[in-house]
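Take 193 as the starting number for the sequence shown in this note's numbering and just add one per residue. A virtual CB, placed ideally from N, CA and C, is assigned to each residue, including glycine.
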Amino acid sequence: MMNVSPVMIEALGVDANTMNIAVSLAALFSGIFIVVIGGLADSVGRVKIFKIGLYLAIAGSLLVGLSPKGSLAVPMLLLGRALQGFSAAFIMPTSLGMIKIFWEGKERQRAISLWSIGTFGGSGLSSLTGGIIASNLGWRWIFFFAIIVAVVALYLTKELPENKREGAGKYKIDWGGIIVFMIAMIALQIFITNGNKFGWTSWITIVLLAITIVFGYLFIRIEKSVPFVFVDLGLFKNKVFTGATLANFFINGTSGLLIVSLTLMQRGAQFSAMEAGLLTLGFAIMVISFIRLGEKLLQKFGPKKPIIWGALIISFAILLLMQTQIMTGQYVVLAVIAYSLFGLGLAFFATPATDAALSNLPDNQAGSGAGIFKMASSLGTSFGVAIAAGIYTAVSSRTEPIAWLNKILNFTGRQDNVAIRQGAMLGLAFCLLLAILVIITVVKMIPDKKKE
């Protein structure tokens, strides 16, 4: 949806803030439920939970694809996106947990690489394929094709043997922790995406922030006091797991660069969704072509160096995209290079970070640990997209450009889109901060050793 949100805004008649919520909502719901679903899968069977996720994906895609213009647009869009996120919470930890069970050593690293090609490579192709489909068939067909993919996945996995934790009894769900965490995360998401619309000092914004803080505190208290926890905070005693998970949160947050830069090209340079999507072709190519290189670097250097190298490459890619003060023709060249570097950086990062997290966990925590790791992915994406898009929306909707930024940089060419270009620059600056935080986290928390 990152590449077609401008088209959907016009077609459904919703505002930019609502669309920002819709874009980030799937990742938010995935992040909220992914841990508990991972633990549930360990007990009742990973294949069963995986297939339920595919059915949820079909339902969510159908709701979004059929969303009409008018009063039903917002509820159907948001419910569909929530179901899509819920489905991801079923699919991601179970698929990753099965890798932990079915393979060991180098075979596991290779399987993780292939899994990462599907996740990171899929995200790389989504902007391109989404733009092509939207420009030729209409944006609704993106979600109809998603239904077809889910049906094919159900067929391909029909003979997959069931697996679950040995001796698993009835799984007990920490409903209190889930509900409190969900309230805190939803309040924070609304605060981020609509704070500018409500006014940062308005009573509703202050209440949302207060809810986030209070319920966040209650969540920590609950998780420390109940016997069956939503998030096993004890896993974070493992320094390497914690470092890899934090790095994963930050690096996925940099995906906010996609919605900001692609919206910039469509609103600021009048590119179509397909034209903007074509700029990201190098992203998908680099992820798919070089993700196995991340595996080889892991085997030679251990996880620390490849993760840092990946974050450095991504930082440089973001710096290139931040040059919104130049002419469109020049920016297109930088964007093509930047998207390719972004894909290369993710290829360096994916397998070493995933292996660093999972290789430090016992088998009976495979689903829960994978769930927490992917929770970091989803929440990182959700809040990275929400904050970057929120910054962009707030600045680009100004009636006048930011004066101090105009004094520092000379925005050449058209002057009627300077606010849009400034919004993109500042939204991308936030993504750069996240990439820098990856480097700091890894330097402090992951040891510099070769992976055996």
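Beta-carbon gap between residue i and residue j smaller than 8 Å
i    : j    : result
D400 : I371 : Looking at the sequence provided, one finds Leu at residue 400 rather than Asp. Against a cut-off of 8 Å, the Cβ pair of I371 and L400 comes out as no contact.
G561 : S305 : no
A436 : A509 : no
W577 : I480 : Here residue 577 turns out to be Val, not Trp, going by the sequence shown. Not a contact, by the Cβ cut-off of 8 Å.
G237 : K356 : yes
I334 : V196 : yes
M194 : M211 : no
F221 : F278 : yes
M478 : M617 : no
N430 : N552 : yes
F603 : Q517 : yes
I375 : I396 : no
R590 : A611 : yes
R273 : G257 : no
L317 : A542 : no
S319 : L454 : yes
A627 : I483 : no
T520 : A595 : no
N598 : K389 : no
V406 : G369 : no
I378 : F575 : no
L348 : V239 : no
F373 : F422 : yes
I339 : L255 : no
Cβ neighbours of residue i in the same chain (closer than 6 Å, five flanking residues each side left out)
i    : result
G615 : Y584, V587 and S588
K643 : Confidence is the limiting factor: at K643 the pLDDT is only 49, short of 50, which leaves the residue's position unreliable, though a coordinate-based value still follows. Only L490, Q491 and G494 meet the Cβ criterion.
L425 : E415
C623 : T446, G448, L449, I510 and A580
A342 : L246, A249 and I250
A465 : N195, V196, V199, G323, A326 and S327
M457 : F463 and A468
G619 : V452, A580, I583 and Y584
S532 : G474 and M478
A280 : S222
L708 : Nothing about residue 708 can be read from this structure; the chain reaches only from 193 to 644.
F336 : G257
G535 : G316, F475, M478 and V479
L288 : A562
For residue i, the first and last residue of its enclosing alpha helix (DSSP H)
i    : result
G502 : K496 to L513
D547 : T520 to L550
P198 : S197 to L204
W303 : Just to set this straight, residue 303 is Ala in the shown sequence, not Trp. Per DSSP, A303 belongs to the alpha helix (DSSP H) from G297 to S308.
F383 : W367 to F390
D234 : A208 to V236
T404 : W395 to E415
S467 : Position check: residue 467 holds Glu in this sequence, whereas Ser was assumed. Residues A465 to L470.
P267 : A265 to F294
T437 : K431 to G445
W333 : R332 to L348
M617 : V610 to M637
F482 : L473 to F493
G426 : G426 -> no alpha helix (DSSP H), and no H or E assigned at all.
A461 : Where A461 is concerned, there is no enclosing alpha helix (DSSP H), given that its DSSP letter is neither H nor E.
K599 : A595 to I600
Other residues of its chain near residue i: CB distance less than 8 Å, five sequence neighbours each side excluded
i    : result
G262 : G205
F441 : A568, S569, L571 and G572
P639 : V432, G494 and K496
E592 : A611
I309 : V479, I480 and I483
L512 : L526, A527, I529, A530 and L533
Close beta carbons around residue i, own chain, < 7 Å, minus the five adjacent residues each side
i    : result
I412 : none
F428 : T434
P285 : I226, I229, G230, A233, G559, A562, G563 and K566
W331 : V196, V199, M200 and A203
I291 : R300, A303, I304 and W307
R459 : P198 and I612
L346 : K243 and L246
K364 : F420
### Task
Decide yes or no for the touch test of the region 255-272 against the region 196-206: beta carbon pairs closer than 8 Å, at least 3 of them.
They touch, by the three-pair rule.
### Query
Does the pairing of the region 623-636 with the region 498-506 give three or more beta-carbon distances under 8 Å?
Pairwise C-beta distances place the region 623-636 in contact with the region 498-506, as three or more of them are shorter than 8 Å.
### Query
Any chance the region 517-530 sits against the region 458-475, with 3 or more Cβ pairs inside 8 Å?
Taking a contact to require three or more Cβ pairs closer than 8 Å, the region 517-530 and the region 458-475 qualify as touching.
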